[in-house]
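Working notes, beginning with the structure itself.
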Amino acid sequence: MRIQKFEVVESTNDLARKYILDGNKEPAAFVAEHQTRGKGRLGRVWQDDPGKSLLVSFALPGSVYSNPPLLGLATAVFVGEYLDLLPLPWETKWPNDVLIQGKKVAGILPEGIWEDGLLGVVVGVGINVNQDEFPNDTEATSIKRVFGQALPVEQPLMYLIYRMEQVYEQIVDFSEILTTFKDKFRSMGKKLRVRSNDQVWEGTAVDIEEDGSLVLNMEGKLVTLGWGEVTLR
């Protein structure tokens, strides 16, 4: 896998998207110490403390990744696998967050790149590794705050590269990955309030389907929600 590192960029996802659109065929990782316009889901901005976060976007060219949301769930599990090595307890928040002690430590943003068909998938990853303070976000934490000491940002990067290379080589068991995500999903079996566009859904989370969709039981009626425009409350 090609690895390109930068001190400051607007968005690593933009670099990965351009890499695929330019016709490159090999997987690549775009890593930055700081982003000025880091992207989160639903148009949100990912804020980072320069040099203290892992900010990486993986470019996976090819048409075999027909399910970007599932790849996003898988990447959340890969982050969790790294946390297991420390070891630190972790949970998932559908569709794209990893939590430690109920607070967000990582976010994932998968994106299909289309132009007369699927050209590939970009998976953006932000991990709070060594941040000490989160003045504007009381629901965030870092690995350092929980683990008790700073860690090399390269450490989780190398693990994710290893797993993403397996994805590219198509040797990842996504059914097993999905099972792990569901086992770690903190809201499974609990009542949720979900906002999708201008609608609000209230029900019990009962499943996550193979395409990454969330299934709610609303008074006996099963409703399936795609991840793209949904927020959990």
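The sequence shown runs 294 to 526 under my numbering.
Backbone N, C-alpha and C define an ideal beta-carbon position, used for all residues, glycine too.
Query raised in the report: From K298 to L515, what does the alpha carbon distance come to, in whole angstroms?
Result: 45 Å
**Report entry** Collapsed DSSP secondary structure at P343 in the structure displayed
**Finding:** coil
Query raised in the report: In the structure shown, what three-state DSSP assignment does A321 receive?
Result: When secondary structure is reduced to three states using DSSP, A321 falls in the strand class.
Report task. Report back the beta-carbon spacing between A352 and G413 to the nearest angstrom; my notes put them in contact at under 8 Å. Result -> 6 Å
Query raised in the report: Which residues in the same chain have their Cβ closer than 7 Å to the Cβ of S463, if we skip the five residues on either side of it in sequence?
Result: Reading off the sequence, residue 463 comes out as Gln, not Ser. The answer, listed in chain order, is V357.
**Report entry** Residue span of the beta strand (DSSP E) that contains E495, given as start and end
**Finding:** From DSSP, the beta strand (DSSP E) with E495 extends over 492-501.
Query raised in the report: Should the segment 459-476 be regarded as contacting the segment 417-431, the criterion being three or more beta carbon pairs within less than 8 Å?
Result: no
**Report entry** Per DSSP, the bridge partner or partners of N421
**Finding:** S346
Query raised in the report: With distances taken between CB atoms, is the gap from L518 to S480 smaller than 9 Å?
Result: no
Query raised in the report: Hey, is the segment 368-387 in contact with the segment 445-455, meaning 3+ C-beta pairs nearer than 8 Å?
Result: yes
Query raised in the report: With a cut-off of 8 Å, do at least 3 Cβ pairs link the segment 344-351 to the segment 321-330?
Result: yes
Requested in this report: Classify F371 as helix, strand or coil using the three-state DSSP reduction.
Outcome: In this structure, DSSP gives F371 a helical state, which the three-state scheme calls helix.
Query raised in the report: Mind checking whether E384 and F478 have CB atoms under 9 Å apart?
Result: yes
Query raised in the report: Who are P354's beta bridge partners in DSSP?
Result: G413
Report task. Can you have a look at R310 and say buried or exposed, based on whether 16 or more other CB atoms are within 10 angstroms of its CB? Result -> buried
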